[in-house]
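Residue 797, in this note's numbering, is where the sequence shown stops; the numbers in between run on with no holes. From the three backbone atoms N, C-alpha and C, an ideal C-beta is built for every residue, glycine too. Worksheet: the structure to be examined is printed underneath.
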Amino acid sequence: MVAVTGNSQYANQLDVTRNIRLLNLQLARQNQQLASGRYADGLIGVSQRALELGQLKSELGTVNNYMSGVQTVQNRVNLYALTIEEIIDIGTEAQETMIKNRDTFFATTSAPRVQANVLLDRIGSLLQTKDGDRFLFAGTNYTDNPINGQISNLPTAYPAGDVPNVNYTAYTAVTVPVTFPAGNYAADTDFYMNPTATAPGTYDDFYDTTGTTLYSDDSEQISYGVSAGEAGFQRLIDSIIRFRDATADITTNSANYQLRVDDARSQLSTALAELKSIASRNGYKQQQLNEIVDRHNRSIDVLRTRIGRIENADISEVSVNIKNLQTSLEASYVITRDSLSLSLVNYLR
449 MVAVTGNSQY ANQLDVTRNI RLLNLQLARQ NQQLASGRYA DGLIGVSQRA LELGQLKSEL
509 GTVNNYMSGV QTVQNRVNLY ALTIEEIIDI GTEAQETMIK NRDTFFATTS APRVQANVLL
569 DRIGSLLQTK DGDRFLFAGT NYTDNPINGQ ISNLPTAYPA GDVPNVNYTA YTAVTVPVTF
629 PAGNYAADTD FYMNPTATAP GTYDDFYDTT GTTLYSDDSE QISYGVSAGE AGFQRLIDSI
689 IRFRDATADI TTNSANYQLR VDDARSQLST ALAELKSIAS RNGYKQQQLN EIVDRHNRSI
749 DVLRTRIGRI ENADISEVSV NIKNLQTSLE ASYVITRDSL SLSLVNYLR
């Protein structure tokens, strides 16, 4: 009997068969790369750049996480801008209302107290603006409503007959730690800020504009909060309350009424300047966040490019590989065909 050795036609045919399987596998992977534009599964794992790829993907995940947080804060700061602008517009409207109603004859028929209360409630509503479940103007106690119900329902702070600069003076904003009486507000329940903060939040937390912060990357932290308790909002609301309470003197002491309206307008002018300063500060935060977003976008683009250079297949190279594999595969099939046409004796020779 003729022995089957490594040099026999049969042994050669086994080698060719194994080679065909390998070529088909390689061709399938190359076709996968051509279809997806990426290296086939399993190739990166044995690449010398696998560690680098893992590090780059980790960095990309970190930057994306920071970007998500920054974009959330960016939306909040934009909401601040829109809300503050609307409150400034209400302040300007209040100014016009005071000018018109300084004329006692006009004021007796225009219901200035009602107008004042409407202005107060519009401001109060805006200071309760939320982003999801978060009260934007609540300082660091953002799970609680910072406003004490309807501001128009607050009791009289400046009684009938009171004379400006005699019975009361220019408004002084309350600051942390807040204590009452504060000016003409005898108790915290008389003031527009919510006196019943829910633990662990505190009343003073409503006034905190520095504790609302964000890490924009591993080393940079920015604060961005705006509080309903800031001096500009306090003075705006107080000036309209002064105007509202002055209406008690329209018919009984018209001269004093006009003095009180003038005092309210003076307070309002200061309040508008303070509100514009708050808007300017918030505008700077908008610019700062826009720059951070741009920086993160550049980092993301760079990281994706570097990852792509490792993961993404060179289509031209893949096409050449496919052509070469197909040529080798065709040659193997020719060898197989020729082998099958041999006699048994020649096949085993």
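- C-alpha of Leu602 to C-alpha of His744: approximately 47 Å in a straight line.
- Burial check for Tyr663: the Cβ neighbour count within 10 Å stays below 16, so the residue is exposed.
- The continuous beta strand (DSSP E) containing Thr661 extends over residues Thr661 to Tyr663.
- Residue range Ser702 to Glu759 is occupied by the alpha helix (DSSP H) that includes Gln734.
- When DSSP states are grouped into helix, strand and coil, Pro612 belongs to the strand group.
- Between Arg692 and Arg708, the C-beta spacing is not below 8 Å.
- Looking at Asp579, Lys505, Thr617 and Tyr528, the one whose alpha-carbon comes closest to that of Ser747 is Lys505.
- When only Cα atoms are considered, Pro612 and Ile685 end up about 17 Å apart.
- DSSP, read as helix, strand or coil, puts Arg683 in helix.
- Ile740 is positioned such that its CB atom lies closer than 8 Å to that of Val518.
- With a cutoff of 8 Å on beta-carbon distance, Asn589 and Ala645 are scored as near each other.
- A straight-line Cα-Cα distance of about 16 Å links Leu720 and Leu574.
- In this structure the stretch 629–639 does not touch the stretch 694–707; the number of beta carbon pairs closer than 8 Å is below three.
- A distance of 8 Å or more separates the beta carbons of Phe654 and Gly597.
- By the CB criterion at 8 Å, Ala630 and Val622 fall inside the cutoff.
- Sequence-distant Cβ neighbours of Tyr705 in its own chain, meaning closer than 7 Å and more than five residues away, are Thr552, Ala694, Asp697 and Ile698.
- Under the three-state reduction of DSSP, Arg582 is assigned to strand.
- In this structure, Ala727 lies near Ile532, with their beta-carbon atoms less than 8 Å apart.
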